[in-house]
Amino acid sequence: MLQDKITQYTSEVSAFTTNNADELEQFRIRFLGTKGIIKDLFDAFKAVSPEEKRTLGKVLNEFKQLAEAKYAELKDSSSAVDTGKSADMDLTLPGEGFELGTRHPLALVRREIVEIFNKLGFVVAEGPEIEDDWHNFSALNFPEEHPARDMQDTFFIRKAKPGEDDGKGDIALRTHTSSVQVRMMESGKPPFRAIMPGRVYRNEAISARAHCFFHQVEGLYVDENVSFADLKQTLFYFVQELYGEGTKVRFRPSYFPFTEPSAEMDISCTICKGDGCQMCKQSGWVEILGCGMVDPNVLENCGIDSNKYSGFAFGMGIERIANLKFEIKDLRLFSENDVRFLKQYKSALI
Ligand code: DAH
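Heads up: the sequence shown runs through residues 2 to 351, numbered per the working numbering.
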């Protein structure tokens with residue numbers, strides 16, 4: 002009985018052929034599957050008499066090998082057949098295409114600022130985002146009790162312990178890029194002419210108008226006989242390049258610990274051209290940066306002779322410049338990575 006079945010299946014397997022993957026899978030399940038014919042035959046084999054077992058065992062094993070070999074052979078050739086399907090592909094069809102990314106609006110604005118200052122001979126410098134108190138505050142002439150050092154503004158990483166301190170004080174996330182000025186002046190000799198873009202951090206609640214991190218570009222120019230007139234002309238040129246000729250500027254006296262005298266610079270509102278709108282709060286002017294003549298104390302803190310050298314510095318927020326350029330009203334958009342927002346800045350592709 003068992004012998005007959007094996008003979009019958011042997012001829013079936015020997016005759017079987019296909020180049021269809023589904024049919025081949027059916028074959029595998031029918032003969033080689035865990036509930037397949039071969040399994041059944043082996044189960045039935047257990048019940049036969051010991052004499053029969055001797056002959057039938059061999060026949061059964063040969064049948065199993067035959068089925069396995071058949072499956073392997075057809076599988077090899079059918080995978081060749083499957084890849085052969087590419088012969089049916091229409092190679093003249095258009096490709097699927099892929100979407101090009103766009104540059105982030107802040108990266109675009111930073112690049113534009115850098116390019117303008119490059120034309121005036123300013124080089125780009127960078128510094129660490131994790132700073133010590135010396136570079137972020139003390140060297141920049143911040144008084145010991147200055148509110149900017151306060152926990153409310155600064156993300157401290159490590160409070161300096163007396164005795165263990167390396168002399169540079171607390172470690173914090175830098176609150177402004179002015180720290181890079183100090184690093185630059187400490188590590189070189191005048192003249193310095195550099196702009197320093199980077200990310201800065203402040204402990205502020207996130208809203209449409211404030212964020213706990215944002216970006217600044219710092220500028221520094223130190224040489225012999227640098228005057229406030231140089232500062233004004235440099236920034237005037239910058240504004241004409243960035244917002245177009247005819248953009249007006251005005252300087253208002255201000256205070257920063259690291260500059261004396263200090264000023265804030267306004268430009269005529271780029272959106273209403275000075276007529277008054279929401280962006281400029283109907284004043285026709287918008288503030289874009291802080292600036293001034295580098296305080297002699299700062300030069301001396303960095304090892305530069307303040308009798309021989311003078312300089313100017315300025316600092317601006319890149320988000321603010323981008324807001325005016327692209328009329329973006331919510332600061333949070335810059336860090337949310339919503340592609341519907343980001344992909345509007347197609348000029349990035351150039
Ligand atoms: N560091 C200032 C800030 O974060 C900006 C600034 C003002 C930088 C005046 C300067 C400067 O270099 O001269 O608000």
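Backbone N, C-alpha and C define an ideal beta-carbon position, used for all residues, glycine too.
Here the structure is a predicted model, which means the values were calculated and not measured.
Continuous alpha helix (DSSP H) stretch holding residue i: start and end
i, result
"Ala108", "Pro106 to Lys120"
"Ser284", "That residue, Ser284, is in no alpha helix (DSSP H); it is neither H nor E in DSSP."
"Ser311", "Careful: Ser311 lies outside any alpha helix (DSSP H), inside the beta strand (DSSP E) at Ser311 to Gly318."
"Ile38", "Ile38 to Phe46"
"Lys6", "Leu3 to Ala16"
"Val49", "Val49 -> no alpha helix (DSSP H), and no H or E assigned at all."
"Val181", "Ser179 to Glu187"
"Ala211", "Looking at the DSSP string, Ala211 is not in any alpha helix (DSSP H), and its letter there is neither H nor E."
"Thr235", "Phe229 to Tyr244"
"Gln27", "Ala22 to Phe28"
"Glu301", "Pro297 to Asn302"
First through last residue of the beta strand (DSSP E) which encompasses residue i
i, result
"Met197", "Phe193 to Tyr202"
"Pro254", "Val250 to Phe257"
"Arg159", "Phe157 to Arg159"
"Phe214", "Phe214 to Asp224"
"Gln266", "Per the sequence shown, residue 266 should be read as Met rather than Gln. Element bounds for Met266: Thr260 to Ser269."
"Glu132", "Ile131 to Asp133"
"Ile172", "Ile172 to Leu174"
Alpha-carbon to alpha-carbon, residue j and residue i
i, j, result
"Tyr202", "Ala211", "11 angstroms"
"Leu141", "Arg251", "25 angstroms"
"Glu328", "Ile272", "8 angstroms"
"Ile289", "Ile322", "7 angstroms"
"Asp154", "Ile117", "31 angstroms"
"Leu300", "Asp306", "7 angstroms"
"Gly128", "Val115", "16 angstroms"
"Phe239", "His105", "22 angstroms"
"Thr260", "Gln345", "39 angstroms"
"Arg253", "Thr103", "37 angstroms"
"Val125", "Ala195", "6 angstroms"
"Glu69", "Glu52", "27 angstroms"
"Lys59", "Ile7", "11 angstroms"
"Arg333", "Gln279", "19 angstroms"
"Phe335", "Phe99", "24 angstroms"
"Ser284", "Glu242", "23 angstroms"
"Ser208", "Asp331", "8 angstroms"
"Met90", "Arg31", "33 angstroms"
"Gly318", "Gly291", "10 angstroms"
"Phe237", "Glu97", "49 angstroms"
"Lys282", "Arg150", "30 angstroms"
"Gly277", "Met266", "18 angstroms"
"Leu107", "Arg159", "30 angstroms"
"Ala22", "Ala73", "12 angstroms"
"Ala48", "Lys40", "14 angstroms"
"Arg112", "Asp77", "57 angstroms"
"Pro148", "Asn204", "13 angstroms"
"Cys213", "Val340", "22 angstroms"
"Arg55", "Phe43", "14 angstroms"
"Phe143", "Leu325", "30 angstroms"
"Phe28", "Ile38", "10 angstroms"
C-beta atoms of residue i and residue j nearer than 7 angstroms
i, j, result
"Glu146", "Ser180", "no"
"Met197", "Glu225", "no"
"Leu232", "Gln182", "no"
"Glu337", "Phe215", "no"
"Pro191", "Val223", "yes"
"Thr178", "Gln217", "yes"
"Leu61", "Phe46", "yes"
"Ala264", "Val295", "no"
"Gly293", "Phe257", "yes"
"Ile303", "Met186", "The sequence given here places Cys at residue 303; Ile does not occur at that position. The answer is yes: Cβ separation under 7 angstroms."
"Leu67", "Leu25", "no"
"Ala173", "Phe157", "yes"
"Glu130", "Arg184", "no"
"Gly352", "Trp135", "In the structure as shown, the chain begins at 2 and stops at 351. Residue 352 is therefore absent and cannot be evaluated."
"Thr235", "Ser269", "no"
"Lys71", "Val14", "yes"
Any chain B beta carbon closer than 7 angstroms to residue i
i, result
"Val115", "This model lacks chain B altogether, as it is built from one protein chain only."
In chain order, which alpha helix (DSSP H) runs of at least 4 residues are fully inside the segment 320–346? 334–337 and 340–343
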